[in-house]
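Novice:
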Amino acid sequence: MERHQLPALPPGYRFAPTDEEIVAHYLYNKVHGRPVSTSAVIDNIDVYRDENVWIRIFERTGENALYFFTTLKKKTENGVQVERETNCGTWRSQKNTRIYRHRYNKTGDKIIKKQHIGSRRNFTYVPKEGSRGGVIKGTWVMHEYRLDGISISNARINNIGDYVICRIKKKQPKREELMSGDNDGPVRNSMSGLVQPPPSNNTSEWFNVQDLEKILFDSSTANDE
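Every number in this note's numbering is 1 more than the matching position in the sequence shown, counting from 1.
Listed below in structure tokens is the structure:
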């Protein structure tokens, strides 16, 4: 059985990217095969198959929130509906939110342009009646991030919308939240969500944000929201 091992970092480190960073950096690069610093932070897990896989990672790491790369599976070969039923339950959809890439003025205090680049859908895990493990409805919640809008309009990758990042969180009772402090930070990396290493001579090691900026804001086919 494959063991998903996540390296330990100094206490206090948390991976806490914004929705925009998740879509514009981590997911965009992953889909386009560009190296990103996610191997220690975002594991490749089939979230919609066996929940025991990611539940064990939560138990081993002691984290309250984790991120996973997942490929969506359709209910039928030529259909559009996604299969969200797992071995022991179902991820029930609640809300869908658009995610935008923003461009600010030189002083950084005013948005001068924005583009729709992705979406975030919220889910609650509902266990099947009589399933093992004693999972209570509402214990697990998830944000599913996907590319959307201008990010896929000019894409040359087939089924680009099937690749997503899932943020799964285990909800704590109120008392535990008060005693444990603000430990809602996902996994164990980064100080502000997106920390880039020192400049390297190998320019392919890190995604150049200007590449996406050019696609989003300089494309003649892009439409303002």
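In this text, a Cβ means the ideal position worked out from N, Cα and C, and glycines have one as well.
Let me know the secondary structure DSSP gives His117 once reduced to three states.
Specialist: strand
Novice: For Ile113, which residues of its own chain have a beta-carbon under 6 Å away from its beta-carbon, when the five flanking residues on both sides are left out?
Specialist: Result list for Ile113: Arg104 and Asn106, in chain order.
Novice: If you reduce the DSSP assignment to three classes, tell me which class Lys31 lands in.
Specialist: helix
Novice: Tell me whether Arg61 sits in a helix, a strand or coil according to DSSP, three-state version.
Specialist: helix
Novice: On the DSSP letters alone, give me the boundaries of the alpha helix (DSSP H) that Ile151 sits inside.
Specialist: Ile151 to Ser154
Novice: Does the beta-carbon of Gly182 have 16 or more other beta-carbons within 10 angstroms, so that it is buried, or is it exposed?
Specialist: Annotation note: pLDDT 46 at Gly182 (below 50); position unreliable, coordinate value reported separately. Gly182 is exposed by the Cβ-count criterion.
Novice: Where does Gly34 land, buried or exposed, given buried means 16+ other C-beta within 10 angstroms?
Specialist: exposed
Novice: For Gly162, which of helix, strand or coil comes out of DSSP?
Specialist: Correct three-state label for Gly162: helix.
Novice: Taking C-beta to C-beta, are Thr87 and Cys167 nearer than 8 Å?
Specialist: It is not a contact, given that the beta carbons lie outside the stated cut-off.
Novice: Kindly list the residues whose CB is nearer than 7 Å to the CB of Arg99, restricted to its own chain and excluding five residues on each side of it in sequence; keep chain order.
Specialist: His117 and Ser120
Novice: In or out: Asp110 buried (at least 16 other Cβ within 10 Å) or exposed?
Specialist: exposed
Novice: Could you check the C-alpha separation between Asp47 and Ile153 for me, to the nearest Å?
Specialist: Spanning the two alpha carbons is a distance of roughly 23 Å.
Novice: Please list, in chain order, all residues of the same chain as Thr140 whose beta carbon is under 8 Å from its beta carbon, the five residues on each side excluded.
Specialist: Tyr126, Lys171 and Lys172
Novice: Quick check: the Cα distance between Asn65 and Thr77, rounded to an integer number of angstroms?
Specialist: 34 Å
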